[in-house]
Amino acid sequence: LGHAIHVTWPVLSVLLAIQLALGLLIGFVEGWSLGDAVYFTFITGLTIGYGDLVPKQALSRALAIGIGFLGLFVTGVIAAIAVHAMLSALTDGGSDGERS
16 LGHAIHVTWP VLSVLLAIQL ALGLLIGFVE GWSLGDAVYF TFITGLTIGY GDLVPKQALS
76 RALAIGIGFL GLFVTGVIAA IAVHAMLSAL TDGGSDGERS
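Numbering of the sequence shown is given in this note's numbering, commencing with residue 16 and proceeding in unit increments.
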């Protein structure tokens, strides 16, 4: 599991940073506060979408779609790490291929 996290951590970090940057850009375009922009980013990225903050500008709507897709990728990467950990635990006692 440690190796899987070590390999995927940079990917997750970049995806989350891009999501946050897109959310801040949406907040700027829409005139939202910093807190509202970050909140919107995570609610949209997690595909919850309460509807309390709705982008009105065409650019903001397009960027929100990007946040949603990135959220799906982040979920997929986390699921892949979990599956790898389960398979590793079942096949070789959880050593993750590393011998000590």
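For glycine and all other residues, C-beta sits at the position ideal for the given N, C-alpha and C. As the structure is a computational prediction, the values presented were derived from the model and not from experiment.
Rounded separation between residue i and residue j - CA only
i: Ser103; j: Trp47; result: 45 Å
i: Ala52; j: Leu68; result: 9 Å
i: Ala73; j: Leu105; result: 49 Å
i: Gly66; j: Asp107; result: 46 Å
i: Phe55; j: Gly42; result: 8 Å
i: Ile119; j: Leu49; result: No statement about residue 119 is possible, as the shown extent of the chain runs from 16 to 115 and does not include it.
i: Thr62; j: Trp24; result: 22 Å
For residue i, three-class secondary structure by DSSP
i: Gly17; result: helix
i: Ser75; result: helix
i: Gly38; result: helix
i: Leu68; result: coil
Extent of the continuous alpha helix (DSSP H) to which residue i belongs
i: Tyr54; result: Leu49 to Gly60
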